[in-house]
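Q: This is the structure I want to talk about, given as structure tokens.
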Amino acid sequence: MVTVLSIASISYGDLSYSIPEETKIGFVIGNIAEDVGIVQRAISTRKARLNIVGSRKRYCKINSESGNLIVAERIDREQLCGPKTSCFLNFEMVLENPLELHRITVHIKDINDNSPMFATDIIKFEISESADKGARFAVGEAHDADIGVNDVQSYSLQTNEHFLFEMHSDSGGGKYGELVLEKELDREQQQEVKLILTATDGGIPQRSGTVVILVTVLDANDNVPVFSQAVYRASLPENRPVGTEVVSVSATDADEGANGHVTYDFVRISDEVSKLFALDQTTGAIVLCSSLDFEEEISYDLKVQAKDGSGLVSFSSVIVEVIDVNDNAPQIFVQSDTHYISENAPPGTEVGIINLQDKDSGANGQVHFSIQSNVPFKLNPSIKNYYSLVTTAELDRELVPQYNITITAADEGTPPLSSAKTIHLILSDVNDNPPEFEELSYSAFVTENNKPGTSICSVTARDPDFRQNGTVFYFLVSSEVQGVLLSSFLSINGDTGVIRAVASFDYEKFRSFTFQVLARDSGSPPLSSNVTVHIFITDENDNSPQILYPAPEDKSFMTEVVPKAVLSGSLVSKVIAVDADSGQNAWLSYQIVKSTDPGLFTIGVHSGEIRARRDISESDSTKQNLIISVKDNGNPPLSTTCTVFLIISDDLADVPELKDMPYEQSSSNLTSYLIIALVSVTTLFMSFIILIFAVRYCRRGKPRPIFDGAVAIPSGYLPKNYAEFDGTLRSSCNYDAYLTTGSRTSDFKFLSSYNENTMLTDQTLKMNTNCPIGKSELCPGVVEESVEFPETAQSVALDQHSVRVCHCTYLVWEEQNGIEMVEIARFVAGSI
């Protein structure tokens, strides 16, 4: 039955336990946590480790959960300590945070697990028949690997008539015996005597061993061998080669012949020792058979016997001392289980525990260490040969993700021996870096009318952190584009950063917008950064030109009156068009695709101005219809057409009202009425024109036509959102405004050309005092001498020119060189 015999506390917190040998594996020797005085969980949290001193086997271990010291391997006291009376296992228990060292001694008690054994199965004696009664013959002792009471305690000899057995103890505690001749031998009666000798130990249960003693009766031999020394001593360095002679023993026998021939042999040595030394039975030379190791055993005590030819023996001791040499390099043990440290660990953080050992003794076992200088770590001495590896500076995994720390240890032997160990230390990541975009800002161009789902651009952010701390996701920062949420226009792939259009863009609604993308990592807490993205929408030719003047036929019917006196090259009308697109998609060109008289009028390709190609003759048709095509410069180009209606007539008063008269309803009856009216008006108008020409000719010596280009622009047909388009409204185009047929009811807006005869906004219309009209009946409140613009007048902006307009019709009289001239102007309030 295995029991713990004792436990005691020694100085400095040391512990001592006692257990029998051959205790089963897993047996609880004691609870170290309780005996040391720490809580049980500290065994695990403080990473308790057990290091054995002076042995390669561990034998015992600590249960980290219960704190018990348990048997880990088979413990054989005889193999561990041999014949030593005291057998101990010495351990060092190391605790971390803070570092503590406790020495633990486990006393191994012997149990009676070995039986006494004789060196040979048969002991032979040759005894002379002349031996006297009382003669003694030494019998080699039985060897029992156990010690104390479990060793050989007694011998018993088989009952016989010639011999008795008498037991003795030597100086080493061994028990041997002698055969005592009680009755003389008679070789003639009995040549051999066979006896059984039993050796018994004192253990419980008791064990025994037997040997056969075979006595051959010879003639008398009365001298025993005698050694030259009672004790032989030898010193042998541990590095001596195999085959080296250790010492030579010598014994002499005074007898002659076979009785004086001496042989040598070992007595009571273990199997391990017998493998180290060999004894020449003839010469007595002891030779080294295997390498010595000072770290395993520092001395050996060998028992040697000398035996003569008749079987008489004597004994001597050979003590061999092993001398230490520097044959062991220092050993470096890392006592830490982890090889990771957080990159945000502060300076002074303990990384691990280093244990330096050298099995040699004296100066050969004195160890010095060093650590490479290019790493932020150092070794701090702690307890005995233990050192703490600590940090000396702040760490950054993104700069150096891992360290190979090389520790070198050297002893003071001659020559010195050294060893090195590299500790691979990995820095664990913390989320200390926000994502960084590859560019400061991003710009992308997308053509309008794109398909939803089209990829616009991609943003990329890098995060040098590790795993989830460096995994980046992308988000659109919530904002609005012209009052609409950004998510209605764009989406972003959170994993790749690819930005796609959710809807189709319209260049005419907005041409660019800016938003922000947020990149956020998956750390805890997460870190993020923003980047600005500029989206530019490029134009596509998706808008046809729009005619501003003349108005589309489905809205109203508009006619221009062209005097017959118009000369070649005179401006008679103008087609005004705009295109909502931009760039070359808005570059417009004009072309007459069909006309009543193809050779009469021409149109400016880029200006849209309709001019007389030649002088108008009497034979030309009064009614001229021009179909104008307006085409942009897109790819493919888009176009639209309009119809310009021109009436060639000199008499404005006789021209009938044409407002809102559809072109399709000009029946034969209406045509007849128009012809009659036009003939009448023409007659009157031509007379007036002739008079005007005569007056002009008399004044300037050169007639100047009153009508040099009239353009009527209906204000109601200008779209509100066309103020930003230039179209064909160029600042170089100036127009004179003249009264057309039906001006009293027309909603046309006439603009006076901005030239030397143009009235400025701060001037007044002057009326001749001889004016037959007198006070103006058209605009109440206007005095005779000066006609002011009414308060209802407004500024009308067109091609960067401004004029004043009112609801009244004015007759402007001017006397030049004694000739009265009259010009008629019609101003209608309104704005573009």
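So for the sequence shown, the working numbering puts the first residue at 713; every next one is plus one. Glycine is no exception: its CB is placed at the ideal position from the N, C-alpha and C atoms.
1) Closest to Phe1045 by C-alpha separation, out of Val1214, Thr1120, Pro1164, would be which residue?
2) Going by C-alpha to C-alpha distance, which of Asp822, Tyr867, Arg848, Leu869 sits closest to Val861?
3) How is Leu1396 classed by DSSP in three states: helix, strand or coil?
4) Between Val1305 and Ser1341, how many whole angstroms is the CB-CB distance? I'm expecting something under 8 Å.
5) Kindly provide the ranges of any alpha helix (DSSP H) runs that are 4 or more residues long and lie completely inside the stretch 1061-1144, ordered along the chain.
6) On a Cα-Cα basis, can you pick out the residue from Val985, Ser962, Asp1039 that is closest to Val666?
7) Between the alpha carbons of Tyr867 and Ala831, how many angstroms are there, rounded?
8) From the DSSP output, in three-state form, read off Glu1148 for me.
9) CB-CB under 7 Å to Ala1105, same chain, minus the five flanking residues each way: which ones, in chain order?
10) Just to confirm the assignment, what range does the beta strand (DSSP E) spanning Val1210 have?
11) Below 7 Å CB to CB, which residues in the same chain sit around Arg1309 once its five sequence neighbours on both sides are set aside?
12) Quick one: residues in its chain with C-beta nearer than 8 Å to the C-beta of Phe1227, no 5 flanking neighbours on either side, listed in chain order?
13) Quick one: Cα of Asp965 to Cα of Tyr976, how far?
14) Taking the alpha-carbon of Ala1215 as reference, which of Ile750, Lys769, Lys1163, Asn872 has the nearest alpha-carbon?
15) By a C-beta neighbour count over all protein chains shown, 10 Å radius and 16 as the cutoff for buried, is Glu777 buried or exposed?
16) Among residues of its own chain, excluding the 5 on either side of Asn775, which ones have a beta-carbon nearer than 7 Å to its beta-carbon?
17) Quick check: the stretch 1068-1079 against the stretch 1023-1036, are there 3 or more CB pairs under 8 Å?
18) Could you check whether Asn809 and Arg758 sit closer than 9 Å to each other, using their CB atoms as the reference points?
19) Can you find the residues in the same chain that come closer than 8 Å, C-beta to C-beta, to Phe739, ignoring five residues on each side of it along the sequence?
20) Return yes when the C-beta of Ile1402 is under 8 Å from any heavy atom of the ligand SAM, and no when it is not.
21) For Trp1299 versus Asn1347, is the C-beta distance shorter than 9 Å?
22) Please name the residue in Thr912, Asp898, Pro937, Ser827 whose C-alpha comes closest to that of Phe849.
23) Do Val1025 and Gly886 have their C-beta atoms closer together than 9 Å?
24) Taking DSSP's pairing of strands, which residues face Leu1557 in a bridge?
25) Restricting to runs no shorter than 4 residues, where is the alpha helix (DSSP H) found entirely within the stretch 983-1048?
26) In the DSSP output, what is Asp1233 paired with across the bridge?
27) Around the C-beta of His814, are 16 or more other C-beta atoms found within 10 angstroms, so that it is buried, or is it exposed?
28) Let me make sure I understand the geometry here. Which of Glu1272, Lys906, Glu984 has the alpha-carbon closest to that of Tyr1261?
29) Take the Cβ of Ile859 as the centre, count every other Cβ of all protein chains shown within 10 Å, and call the residue buried at 16 or more, exposed below.
30) If you check the beta carbons only, do Leu988 and Ile839 fall under 9 Å apart?
31) What are the boundary residues of the alpha helix (DSSP H) that Thr757 is part of?
32) State the Cα-Cα distance for the pair Ile820 and Asn780, rounded to the nearest angstrom.
33) By the three-class DSSP mapping on this structure, what secondary structure does Arg1174 have?
A: By the coordinates alone:
1) When only C-alpha atoms are compared, the closest one is Thr1120.
2) Asp822
3) helix
4) 5 Å
5) none
6) As displayed, the chain neither begins before 713 nor continues past 1544, which places residue 666 out of reach and without an answer.
7) 15 Å
8) strand
9) Pro1059, Pro1088
10) 1210-1213
11) Looking at the sequence itself, residue 1309 is Asp, so the reference to Arg does not match. Hits under 7 Å: Asp1332, Ser1333, Gln1336.
12) Leu1188, Val1189, Ser1191, Val1193, Leu1198, Leu1202, Thr1244, Val1245, Ile1247
13) 12 Å
14) Lys1163
15) exposed
16) Cβ within range, chain order: Ile782.
17) The stretch 1068-1079 is in contact with the stretch 1023-1036.
18) yes
19) Val714, Ile731, Ile782, Val783
20) Within the structure as shown, the ligand SAM is missing, as the structure has no ligands at all.
21) no
22) For the residues Thr912, Asp898, Pro937, Ser827, the minimum Cα distance to Phe849 belongs to Pro937.
23) no
24) As shown, the chain starts at 713 and ends at 1544. That puts residue 1557 outside it, with no answer to give.
25) 983-988
26) Val1184
27) buried
28) Out of Glu1272, Lys906, Glu984, Glu1272 has the C-alpha closest to the C-alpha of Tyr1261.
29) buried
30) no
31) 754-757
32) Taking the straight line from one Cα to the other gives about 18 Å.
33) strand
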